Ligand code: URA
C-alpha cells in the first residue's frame, strides 16, 4: 500500500503559511512555492542509493559517496505543477522533465489528455509527479494511469497540499505510489477547493483570474 508522508520540516511549514495567506502576491507566492519545492525535493530524495568511490583531497585519498546513478524524472501536471519544477531542479539538475496536461470533459467529467511529452526512457527512471493541489485526486490519478500506460513503473506523487478525498483516491487507484505532502488539509468544499487550502494554485502562480 502506498505511504502518505507529510513533510513537516519547520521551514516547509513556515513557508506554507505564507503561501496560504491571501495577502501574498504573485511574485512572493511563486518564490515561496519554488523554495518549498526545493525543500520537498530534499526530503523526497532522502533514500536515493549511494555508491562508494574514492576522491583525492588535497591531503590524501578518501572513501566518499556519490549518487548511484539512479535516473530521475520530474513530471509536472499542467498548469500549476510547472511552479514546482525549477525549485526541484535546484537540487536535482540532471533530472529530465516531462509534461502531462489533462482537462476535464464537461460532459463525462472524466480527465482527458491534451498534452503529453515525456523523456524517452521513463521506464528506467524514478519519476516524481508534481501538482501543488491534490483535491479530488481525479487529475493526479489520471496522470499516473497515463504514465503507467507510457511505461512508467516507479513513481512518487508530490503535492503542497492535499484533501483527504484526494489521498484516498490515489491510495485506491495507485497503491504502488507513495505520496509526499507539505500538508494534509481538512476537506474539499462544494466548489472542489481544498479547505483551508490556498485558493487556486494556478491562478496565484501565474497571476490569472
Ligand atoms: N486546485 C487548486 O488550485 N486549488 C484547490 O483548492 C483545489 C484544486
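Residue numbers (the numbering used here): 3 to 211.
We put the beta carbon where it would ideally sit given N, CA and C, even for glycine.
Owing to the predicted nature of the structure, the values given are computational and were not obtained by experimental measurement.
For residue 86, the three-state secondary structure derived from DSSP is helix.
For residue 75, the pairing in a beta bridge is given by DSSP as 98, 129.
When the Cα atoms are used, residue 114 and residue 41 turn out to be separated by approximately 31 Å. Nearest to residue 120 by alpha-carbon distance, out of 137, 97, 106, is 97. Of all alpha-carbon atoms in 72, 49, 27, the one lying nearest the alpha-carbon of residue 203 is that of 27. Relative to the Cα of residue 68, the nearest Cα in the group 132, 49, 61, 84 belongs to 49.
One thing to note: residue 14 has its Cβ no nearer than 8 Å to the Cβ of residue 47. Note on residue 206: 16 or more other CB atoms within 10 angstroms of its CB, so buried under the neighbour-count rule. Ranked by Cα distance from residue 52, the first of 63, 62, 73 is 73. Not a single heavy atom of ligand 1 lies less than 7 Å from the C-beta of residue 142. The alpha-carbon of residue 12 is positioned some 11 Å away from that of residue 38.
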